[in-house]
Structures are given as C-alpha cells and as structure tokens.
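Novice: Pasting a structure here, questions to come.
Protein chains in written order, with this note's numbering: chain G, 182 to 473; chain H, 182 to 473.
As structure tokens, this is what we get:
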C-alpha cells in the first residue's frame with residue numbers, strides 16, 4: 182500500500198517551478214507576479230493567503246497582497262479587480278473566497294480577466310476545461326491529476342467514482358478524469374447527496390475521489406480491495422488536545438480503509454499541499470502566455 | 182411502455198414559442214431574429230439549415246440566411262462573425278458546422294459573441310452550464326432535458342448512464358443530469374470508447390442516454406427492465422429501398438429494446454426534432470435579454 186505524499190510532491194514541484202523561473206530570469210524574462218486580494222479577517226482565509234505568499238517566495242515569484250477590511254463595498258472591490266486586470270505587472274491574481282455577504286461572489290469572479298484567472302473560477306476557464314482546451318485548471322482538481330500522474334496510477338479504463346458535485350472539485354475533476362488524456366480516460370460516476378445507493382457504487386470504484394466534506398464518510402465496507410483513494414475532505418473537527426483547538430479530518434476513515442487500498446492520500450499532507458502548487462503553475466503559465 | 186414522441190413535443194413547443202412571440206410583438210417588442218451562416222454545400226448541413234429557417238417561420242421569428250462558397254477564407258468568415266456580433270437587428274446566430282478544413286472551427290466558435298451564441302458552443306456558455314448559471318444550453322442536451330421534463334420522467338436519485346463523451350452531447354448532458362435541479366439530480370456515469378465493461382454498467386442504468394453514433398449498439402441484454410432509453414444516435418445507414426438511398430439509425434436496437442423499457446425515444450422522431458426547438462428557445466431568450 183502506497184501513501185501518496187502530497188507534501189513531498191508539492192515541495193518537488195515548487196523546486197521545479199523555481200528552476201523554470203530562474204531560467205526565465207536568466208533569459209531576461211520577467212519574474213511571474215501573483216497578486217492576492219484578502220477581504221476581512223477570516224481565520225482560514227488568512228492562513229491560505231499566508232501560504233500562497235510563502236509559496237511565491239519558494240518559487241521565486243513576485244507577490245503582492247492587497248488587504249481590505251470587510252466593510253469594503255462591491256463597487257470598491259470591482260475597482261480593485263479592474264486595476265489588477267489592467268496592470269501589466271501582474272500576471273495572475275486571486276480574490277480569496279469567501280467574501281462578506283454583501284458582495285456577490287459570482288459578480289467578482291466574472292469580472293476577473295480570464296487570462297489572469299489563475300484560480301480557474303471564471304466560466305471561460307471552466308468551459309475550456311470541459312472542452313479539453315488549454316485553460317487555467319482550478320487548483321484542487323489539478324492537484325489530484327498531478328498526484329495520479331506522478332505516482333503512475335493507471336486511470337485508463339478504470340472506474341472512477343467521484344463523491345460530490347461541487348463547482349470547485351467534484352464537477353471539474355469528473356470532467357478531467359473522463360477526458361481522453363493521461364491521467365484520464367476513466368469511466369466516471371458522480372455521486373452526491375441525492376444518490377441513494379452510494380455505498381454500492383463506491384464498491385465498484387477502482388479509484389474513489391471523495392469530496393463531500395463529511396468526516397470519515399468512506400468506510401472500509403465501501404472500498405474494493407486494491408482501490409486507489411483520493412481524499413479531498415478537509416473539515417475542521419474540534420480537538421481539545423491540539424493547541425489550535427481543531428484538527429483536519431478527511432472524508433475517509435483512513436485507519437480502516439488504508440490497509441485495503443493500493444494507494445491513498447492522507448489528510449493532512451495529501452491533496453491539500455498540492456493545491457497551492459497548481460496556483461503557482463497557473464501563474465507561471467500566465468506569465469509565459471502559454472494558455473491565452 | 183411509452184414511446185416518447187419528440188416530433189409531437191417539438192410541434193407543441195414551437196406553438197408555445199410562437200404564442201410568446203406574438204405576445205411580445207403585441208407589447209411593441211421586436212420579433213426575435215436568428216441568422217444562420219452556411220458555408221459550402223454539404224448535404225446534411227443544407228437540410229439542417231433549411232429546417233432551421235422553416236422553424237423560424239413557424240415560431241414567428243425573422244431569419245437571415247448567409248450563404249458562402251467553400252472557398253471563403255477564415256478571415257472573410259471572421260468578418261461575417263464580427264458583423265453579426267455588431268448588428269443590433271440580429272439576436273442570435275449560428276455558424277453551421279462542419280466548416281471546410283482550411284478554417285479553424287474553434288477559432289470561429291470563440292469569435293461568436295457569447296450573448297448571441299444560441300448554439301451554446303462558446304466556452305463561456307459551456308462553463309456557465311457546468312456552474313449551473315443561466316446560459317444558452319446546447320441544442321441536443323437541452324432537447325433531452327425538455328423531453329424528460331415534459332414526460333414527467335423521474336430523474337432524482339436515478340442512475341443515469343451516458344454513452345459517449347462528445348463536447349456537444351455526452352459531456353453537457355452528463356453535467357445537466359447531475360445538476361441539483363429537476364430534471365437532474367441523478368447519479369451519472371459517463372462511458373466511452375475506453376470503458377471496458379460498458380455492458381455491465383448499462384445494465385445498472387435506470388436511464389440510458391446513448392450518444393455514441395454506433396447503430397444498434399445498445400442491445401436488449403444491456404438494458405434493465407423498466408429503464409428509460411434516450412437514443413441520440415442518428416447515423417446514416419445505406420438503404421437501397423429508400424429514395425434518398427439511406428435511413429437514419431439510432432444507437433439502440435429499438436425493436437428488441439423497446440419492449441423492455443418504461444419509455445424510449447425512437448429514431449427518427451425522438452431527440453432529433455427537439456434540437457431545433459432548443460435553438461428557437463435560445464433565440465427567444467437572446468431577444469428577451471434574459472440570459473445575459
């Protein structure tokens with residue numbers, strides 16, 4: 182049984198990106214420059230953005246952090262987006278979600294220039310992903326495909342069961358897994374809250390990608406021996422023994438499922454660390470103009 | 182067993198659209214106006230475009246047919262597209278595919294203003310479909326959803342097996358069937374040329390949507406009794422007994438499968454006639470500005 186080490190893979194990828202950046206700079210090209218807009222003081226968002234800024238350093242990128250209080254108006258935020266779209270120094274940027282309730286997230290996402298949309302959230306990038314055209318892949322699906330590829334996990338003709346149909350994980354990863362490419366070329370089943378026989382379907386999965394956000398949902402009786410398990414769940418579960426007061430829990434009962442599998446991602450240290458790599462990869466692609 | 186009558190449903194829908202158009206005109210609003218660009222003399226394309234022009238008449242739309250010979254250059258065709266984008270008289274338009282080989286179809290599709298893309302082929306519309314946002318649905322998936330809805334076929338929690346992963350049928354109909362909506366909310370499995378056990382998976386399907394383009398592929402042994410079968414195949418098979426020299430064949434062995442089903446679409450007269458209705462519906466939506 183292989184434990185898929187997302188942390189080590191992410192470190193490796195960041196080194197590869199840093200080498201590409203230094204080669205670019207040596208050729209006289211500009212350093213990739215990622216900007217992040219952070220509104221308010223949500224604990225999770227603070228952590229994510231701090232990690233992204235740190236990853237920029239590791240990759241040799243320039244980075245800009247734009248902070249605003251959560252009383253910013255939608256119009257003011259749209260102005261920042263327009264400035265970032267127009268600024269030739271910025272190759273790509275993200276607006277960290279969630280946004281305060283008085284701001285329409287979809288409106289902000291639609292305002293981002295698709296050529297700088299390194300989160301891959303704009304409908305143009307979502308559509309291009311579905312059509313198999315060059316695009317900025319959203320971070321989690323992209324990280325999953327990278328892990329499958331680097332661990333040489335056979336996907337062609339395999340039955341991949343995706344649990345969850347969210348716009349940022351379930352739907353796009355299903356699209357990627359069915360695409361005629363490698364990794365990909367899998368038969369794909371998408372299960373969700375309205376699926377009555379989710380256990381029976383899981384048992385057919387050669388590959389299970391769990392993205393429901395329900396701690397420990399996938400139990401040993403749902404897993405075919407030899408299956409590959411990708412656990413996308415990262416729910417904060419209260420844990421008084423930790424200094425932080427919580428621990429991250431995946432969607433898979435790791436302890437009992439792992440012995441059955443041929444390969445499995447742990448939580449934390451599996452898919453999580455990969456998502457920032459995808460963002461870095463997209464920023465490098467944006468800087469090199471190789472998508473648009 | 183119900184034979185799902187696409188022809189009768191399409192006639193009904195065109196009448197409904199015509200009534201909406203007359204109500205619009207009575208309110209002093211403009212008649213929807215659809216334009217079609219037809220390059221060359223492909224037999225299938227000639228027929229499709231003629232049907233579309235006729236449907237415009239039935240719905241009370243204005244229509245414009247722009248014909249060019251197949252020696253038109255890509256630049257000339259892009260100019261026509263730019264004019265149609267700019268022309269406020271035209272609410273929506275289609276460029277009939279396939280185009281001659283020296284023209285890059287994807288480039289033409291990308292040049293169509295998404296707000297006039299009533300075929301729903303532009304990545305923005307594909308992405309919006311996937312995200313569950315208002316959009317122009319592409320014709321065949323939209324026609325299938327309309328038939329399921331009008332025949333009150335329960336889809337929630339059902340297992341829907343989609344055969345084929347094309348950009349114009351398999352992928353978008355899979356997206357629509359998994360969406361949290363009605364029709365929709367189904368568990369969806371997408372099978373394709375790389376699926377080894379397609380027969381076993383079909384037998385699990387409460388609903389099978391066959392869009393492989395392989396005449397008679399779905400045989401009786403692949404169908405669970407009581408299943409609903411949507412046959413999207415329309416392959417021209419040589420038939421010397423017909424004046425035209427061919428007949429249309431679906432992907433389903435209708436004669437042997439129909440007795441097992443609870444409902445089935447015939448070929449011809451099933452999904453086919455519905456596709457033009459979707460185009461008419463999109464044109465009406467474009468004219469009323471209710472998508473963008």
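Beta carbons: idealized from backbone N, C-alpha and C, even for Gly.
Does the beta carbon of residue 309 of chain G sit closer than 8 Å to a beta carbon anywhere in chain H?
Specialist: yes
Novice: For residue 298 of chain H, write down the residues that DSSP places opposite it in a beta bridge.
Specialist: H:274
Novice: What is the residue span of the beta strand (DSSP E) that residue 340 of chain G lies within?
Specialist: 340-344
Novice: Using 8 Å as the cut-off, can you tell me whether the stretch 353-363 of chain H makes contact with the stretch 307-327 of chain H, which would need three or more C-beta pairs spanning the two stretches below that distance?
Specialist: The stretch 353-363 of chain H, when compared against the stretch 307-327 of chain H, does touch it at the 8 Å Cβ threshold.
Novice: So what's residue 217 of chain G in DSSP terms, helix, strand or just coil?
Specialist: strand
Novice: Just list the residues that DSSP pairs residue 380 of chain G with in beta bridges.
Specialist: Beta-bridge partners assigned by DSSP to residue 380 of chain G: none are found.
Novice: According to DSSP, is residue 323 of chain G part of a helix, a strand, or is it coil?
Specialist: Looking at residue 323 of chain G - three-state DSSP - the assignment turns out to be helix.
Novice: So, residue 201 of chain H versus residue 465 of chain H, is the Cβ gap smaller than 8 Å?
Specialist: Going by C-beta atoms, residue 201 of chain H is nearer than 8 Å to residue 465 of chain H.
Novice: Could you check which residue in G:366, G:352 and G:419 has the C-alpha nearest to that of residue 392 of chain G?
Specialist: G:352
Novice: Against residue 346 of chain G, what residues of chain H qualify as contacts under a CB-to-CB distance less than 7 Å, listed in chain order?
Specialist: Near residue 346 of chain G (Cβ distances below 7 Å), the residues of chain H are 359.
Novice: Roughly how many whole angstroms lie between the Cα atoms of residue 334 of chain G and residue 187 of chain G?
Specialist: 14 Å
Novice: Compare the beta carbon distance of residue 382 of chain H and residue 342 of chain H with 8 Å and say whether it is the shorter of the two.
Specialist: yes
Novice: So, does the stretch 256-263 of chain H touch the stretch 222-235 of chain H, judging by three or more C-beta pairs under 8 Å?
Specialist: no
Novice: Where does the unbroken alpha helix (DSSP H) through residue 408 of chain H begin, and where does it stop?
Specialist: Per DSSP, residue 408 of chain H belongs to no alpha helix (DSSP H) and is neither H nor E.
Novice: Which same chain residues, not among the five before or five after residue 305 of chain H, have their C-beta less than 7 Å away from its C-beta?
Specialist: Same-chain partners within the cutoff: 295.
Novice: Is the number of C-beta pairs between the stretch 403-410 of chain H and the stretch 432-444 of chain G that are closer than 8 Å three or more?
Specialist: no
Novice: Taking the alpha-carbon positions, what's the residue 460 of chain G to residue 300 of chain G distance?
Specialist: A straight line joining the alpha-carbon of residue 460 of chain G with that of residue 300 of chain G spans about 6 Å.
Novice: Is the Cβ-Cβ distance between residue 487 of chain H and residue 405 of chain H less than 8 Å?
Specialist: Chain H is shown only over 182 to 473; residue 487 of chain H falls outside these bounds and no answer can be derived.
Novice: With 8 Å as the threshold, decide whether the Cβ of residue 394 of chain H is near any Cβ in chain G.
Specialist: no
Novice: With a threshold of 8 Å on Cβ separation, who are the neighbours of residue 376 of chain G within its own chain once the five nearest residues in sequence on each side are excluded?
Specialist: 382
Novice: Against chain G, does residue 366 of chain H count as a neighbour if the rule is that its beta carbon must be under 8 Å from one of theirs?
Specialist: Chain G, which has a Cβ nearer than 8 Å to the Cβ of residue 366 of chain H, makes this yes.
Novice: Could you tell me which chain G residues have their CB closer than 9 Å to the CB of residue 382 of chain H, listed as they occur along the chain?
Specialist: Neighbours of residue 382 of chain H on chain G, chain order: 340, 368, 370 and 385.
Novice: Going by DSSP, name the residue or residues bridged to residue 418 of chain H.
Specialist: H:428
Novice: Nearest-angstrom Cα distance between residue 451 of chain H and residue 185 of chain H?
Specialist: 6 Å
Novice: Mind reading off the beta-carbon distance from residue 195 of chain G to residue 239 of chain G? Whole number of angstroms is fine, and I expect it under 8 Å.
Specialist: 5 Å
Novice: With DSSP as the reference, label residue 249 of chain G as helix, strand or coil.
Specialist: strand
Novice: Under 7 Å Cβ to Cβ from residue 401 of chain G, same chain only, skipping five residues before and after it: list those, please.
Specialist: 434, 437, 438 and 441
Novice: For residue 137 of chain G, is the classification buried or exposed, using 16 other Cβ atoms within 10 angstroms of its Cβ as the cut-off for buried?
Specialist: Here chain G has residues from 182 to 473 only, and residue 137 of chain G is not among them.
Novice: Here's a check: name, in chain order, each residue in its chain whose Cβ is nearer than 7 Å to the Cβ of residue 345 of chain G, leaving out the five neighbours to either side.
Specialist: 351, 373, 392 and 393
Novice: With a CB to CB cut of under 7 Å and the five nearest residues on each side skipped, what residues in its chain are close to residue 290 of chain H?
Specialist: Contacts found: 302 and 303.
Novice: Taking buried to mean at least 16 other C-beta atoms within 10 Å of its own C-beta, is residue 287 of chain H buried or exposed?
Specialist: By the neighbour-count criterion, in which 16 or more other beta carbons inside 10 Å mark a residue as buried, residue 287 of chain H falls on the exposed side.
Novice: Whose Cβ in chain H lies nearer than 8 Å to the Cβ of residue 376 of chain G?
Specialist: 338 and 368
Novice: With a CB to CB cut of under 6 Å and the five nearest residues on each side skipped, what residues in its chain are close to residue 445 of chain G?
Specialist: 410 and 439
Novice: Evaluate residue 244 of chain G with the Cβ neighbour count: other Cβ atoms within 10 Å of its Cβ, from every protein chain shown; 16 or more gives buried, anything less gives exposed.
Specialist: Buried is the label assigned to residue 244 of chain G, since at least 16 other Cβ atoms lie within 10 Å of its Cβ.
Novice: Can you give me the Cβ contacts of residue 426 of chain G inside the same chain, cut-off strictly under 8 Å, excluding the 5 residues immediately before and after it?
Specialist: The residues are 419 and 420.
Novice: Can you give me the C-alpha to C-alpha distance between residue 207 of chain H and residue 221 of chain H, rounded to a whole angstrom?
Specialist: 38 Å
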